[in-house]
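One structure below.
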Amino acid sequence: MSKSAIVTGITGQDGAYLAALLLEKGYTVFGAYRRTSSVNFWRIEELGIAGDPKLKLVEYDLTDLSSCIRLLQSSEATEVYNLAAQSFVGVSFEQPVTTAEITGIGAVNLLEAIRIVNPAVRFYQASTSEMFGKVQAIPQVESTPFYPRSPYGVAKLYAHWMTVNYRESYGIFGASGILFNHESPLRGREFLTRKVSDSIARIRLGKLDVLELGNLDAKRDWGFAKEYVEGMWRMLQAARPDTYVLATNRTVTVRDFATMAGKAVGFELLWEGRDEREIGIDRATGRTLVKVNPKFYRPAEVDLLIGDPEKARRELGWEPKTTLEELCLMMVEADIRRNERGFSF
Ligand code: NDP
Ligand code: GDR
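Numbering (the UniProt record's numbering), first residue to last: 1 to 345.
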């Protein structure tokens, strides 16, 4: 029998890659999106799956339990991947309540819908390395204590524990993937890597003067999103529901990522000054290409993330393949092409 799955957050980066993967595997995919005056499907269009007859786009409201119940009833899906969230850490400080409702309670609405409609449905929760927050161990693994540092991280931690709780209380197959940052040409432009790749492309094309960033010292473990969604799927095919870290086990500063992106288009960035006065200068021309703007600082920062995906490697056979250099080049090249044709997402 052909399988079917619900993917919430179908309009986001991971939703698009996961839908493509599931379609490739023969699934019928119910891509759930929220009602807005103009829905944006540019990512599934870029992947060429928007018109696939096995991709059914369905409107729902994640914050409304009855809507989640109807989503489960009408689709008769056997797997649910909960990727929808207010996912931008910076915004969560400005909108903590909305973030809690979508990113935290939203997951519980789906878990409740599963419990009511069909407890045999397998559930994937998109958990995050932001739950580790203030570093308690290096590298971070599944047993590392959590210490979230943003309303987003706190909301995700609630959803994570509710997933574990539904697993233990009701025997629901609830898997939680603690995914470290994963990026791609489909990343939203508000996130660091895509902001950098898009801005560096525009500087190279003469469409932007300077790239303004916040904390250059933050360190992140960045992988390729397309590989991470494969890990999500594997978690739901496992014999038992569990919690897994997906990461690359390499960490790089924001500054070094910007240097890498500059190199992809022939800039050699040299860094001068400190803190708010730090700038990145192109060696050949002496031109300032990167500046710090404190408006991009966060009230509380996660300084260092690096994850060890050994458990996922051992139990799921999952491992990352694309290097950060390859990923960075892929993103900058995509943004050069997009900017040349005036594409603005
Ligand atoms: P995106 O920000 O690209 O996508 C988020 C999705 O959530 C979008 O489809 C968005 O829809 C949807 N959404 C936002 N608010 C609502 C709402 N009120 N109701 C319904 N849907 C809503 O995130 P990613 O694809 O990068 O990430 C997928 C998931 O994984 C998220 O939960 C994220 O928090 C988590 N995660 C991501 C990591 C990463 O590095 N990318 C790492 C770890 C976890 P719309 O287009 O309408 O805004
Ligand atoms: P993050 O991603 O907060 O790790 O959350 P983001 O790309 O926003 O920030 C990464 C790091 O870069 C620093 N930074 C800046 N960030 C942005 N966005 N813009 C800037 O100008 C800038 N300058 C410096 C940040 O302070 C931070 O340290 C992402 C999201 O996808 C979450 O949903 C997910 O859970 C985590 O990754 C894992």
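Using N, Cα and C, we set each Cβ at its ideal position, and we do this for glycine too. If you're wondering where the values come from, they're calculated on a predicted model, not measured in any experiment.
* To do: Would you grab the beta carbon distance between Y27 and A5 for me? Rounded to a whole angstrom, and I think it's under 8 Å.
  => Numbered from its first residue, the sequence shown carries residue 27 at position 27. Numbered from its first residue, the sequence shown carries residue 5 at position 5. Indeed they touch by this definition, with Cβ atoms about 5 Å apart.
* Asked: Out of curiosity, what's the CA-to-CA distance linking F267 and G280?
  -> If you number the sequence shown from 1, residue 267 lands on position 267. If you number the sequence shown from 1, residue 280 lands on position 280. F267 and G280: Cα-Cα distance of roughly 10 Å.
* Asked: Excluding five sequence neighbours on each side, which residues of the same chain lie with their C-beta closer than 7 Å to the C-beta of S66?
  -> Working through the sequence shown from its first residue, we reach residue 66 at position 66. Contacts found: none.
* With 16 other CB atoms within 10 Å as the buried threshold, where does R314 fall? -> Translated into the one-based positions of the sequence shown, residue 314 becomes position 314. So R314 counts as exposed.
* To do: Can you tell me which of L205, P139 and Y152 puts its alpha carbon nearest to the alpha carbon of V89?
  => Locating residue 89 in the sequence shown gives position 89, where the first residue counts as 1. Out of L205, P139 and Y152, Y152 has the C-alpha closest to the C-alpha of V89.
* How should R194 be labelled, buried or exposed, when 16 other C-beta atoms within 10 angstroms of its C-beta is the threshold for buried? -> The residue you call residue 194 lines up with position 194 of the sequence shown. Under this definition R194 is a buried residue.
* **8 Å CB neighbourhood of C328 in its chain, flanking five on each side removed** => Residue numbering aside, residue 328 sits at position 328 when the sequence shown is read from its first letter. Excluding sequence neighbours, C328 sits near T193, S197, F257, M260, A261 and A264.
* Asked: Nearest to L179 by alpha carbon, out of R43, R341, G307 and A16?
  -> For the purposes of this step, residue 179 is taken as residue 179 along the sequence shown, with counting starting at 1. Residue G307 is the option with its Cα nearest to L179.
* contact_flag[the region 283-295, the region 210-217] where n(CB pairs < 8 Å) is 3 or more -> yes
* If we count the other Cβ atoms within 10 Å of its Cβ and call it buried at 16 or more, is N118 buried or exposed? -> Position 118 of the sequence shown, counting from 1, holds the residue named residue 118. Under this definition N118 is an exposed residue.
* To do: Quick one: using the 10 Å Cβ neighbour count with 16 as the cut-off for buried, is V252 buried or exposed?
  => Residue numbering aside, residue 252 sits at position 252 when the sequence shown is read from its first letter. Answer is buried; the Cβ neighbour count reaches 16.
* Straight-line Cα distance separating A284 from Y147 -> Along the sequence shown, read from residue 1 onward, the residue named residue 147 stands at position 147. Along the sequence shown, read from residue 1 onward, the residue named residue 284 stands at position 284. Distance between the alpha carbons of Y147 and A284 is about 43 Å.
* Asked: Hey, is the region 200-210 in contact with the region 168-175, meaning 3+ C-beta pairs nearer than 8 Å?
  -> no
* Using a Cβ cut-off of 8 Å (strictly closer), state whether M131 contacts chain B. => Any reference to chain B falls outside this structure, which holds one protein chain only.
* To do: Compute every distance between the C-beta of A225 and the non-hydrogen atoms of ligand 1, then say whether any falls below 7 Å.
  => In the sequence shown, residue 225 corresponds to position 225, counting from 1. Yes; taking the cut-off as 7 Å, the Cβ of A225 has a heavy atom of ligand 1 nearer than that.
* Would you say A300 and S150 are within 8 Å of each other, going by their C-beta atoms? -> As a working note, residue 300 is residue 300 in the sequence shown. As a working note, residue 150 is residue 150 in the sequence shown. Yes; because the gap between Cβ atoms is below 8 Å, this pair is in contact.
* **Distance between W233 and K25 (C-alpha atoms, nearest Å)** => Here residue 25 refers to the residue found at position 25 of the sequence shown. Here residue 233 refers to the residue found at position 233 of the sequence shown. Computed Cα separation, rounded: 10 Å.
* Considering only the beta carbon of each residue, do F30 and K3 sit closer than 8 Å? -> Within the sequence shown, numbered from 1, the residue matching residue 30 stands at position 30. Within the sequence shown, numbered from 1, the residue matching residue 3 stands at position 3. Taking 8 Å as the Cβ cut-off, F30 and K3 do not qualify as a contacting pair.
* **A126 beta carbon less than 8 Å from that of I69** => Looking up residue 69 in the sequence shown gives position 69. Looking up residue 126 in the sequence shown gives position 126. Contact: no.
* **Any non-hydrogen atom of ligand 1 within 7 Å of Y33 CB** => Against the sequence shown, residue 33 aligns to sequence position 33. Indeed, a heavy atom of ligand 1 lies less than 7 Å from the Cβ.
* To do: Ignore the nearest five residues each way along the sequence and tell me which others in E101's own chain have a CB closer than 7 Å to its CB.
  => What you label residue 101 is simply residue 101 of the sequence shown in a count that begins at 1. Same-chain partners within the cutoff: T63.
* Option nearest N249 by Cα separation, candidates A312, V7 and T11 -> On the sequence shown, position 249 is the one that residue 249 refers to. Looking at the Cα atoms, A312 is the closest of the given residues.
* **C-alpha distance - R277 paired with K219, whole-angstrom precision** => Translated into the one-based positions of the sequence shown, residue 277 becomes position 277. Translated into the one-based positions of the sequence shown, residue 219 becomes position 219. The straight-line gap from Cα to Cα measures roughly 19 Å.
* Any non-hydrogen atom of ligand 1 closer than 7 Å to L83 Cβ -> Working through the sequence shown from its first residue, we reach residue 83 at position 83. Correct: L83 has its Cβ closer than 7 Å to ligand 1.
* To do: Hey, could you find the ends of the beta strand (DSSP E) I178 is sitting in?
  => The sequence position of residue 178 within the sequence shown is 178, counting from 1. Note, I178: beta strand (DSSP E), G174 to L179.
* Just the C-alpha distance for V154 and M131, rounded to the nearest angstrom, thanks. => One-based indexing of the sequence shown puts residue 154 at position 154. One-based indexing of the sequence shown puts residue 131 at position 131. Taking the straight line joining both Cα atoms gives about 7 Å.
* To do: Look at the Cβ atom of P96, then the Cβ atom of A175, and state whether they are nearer than 8 Å.
  => Translated into the one-based positions of the sequence shown, residue 96 becomes position 96. Translated into the one-based positions of the sequence shown, residue 175 becomes position 175. Contact flag unset, no.
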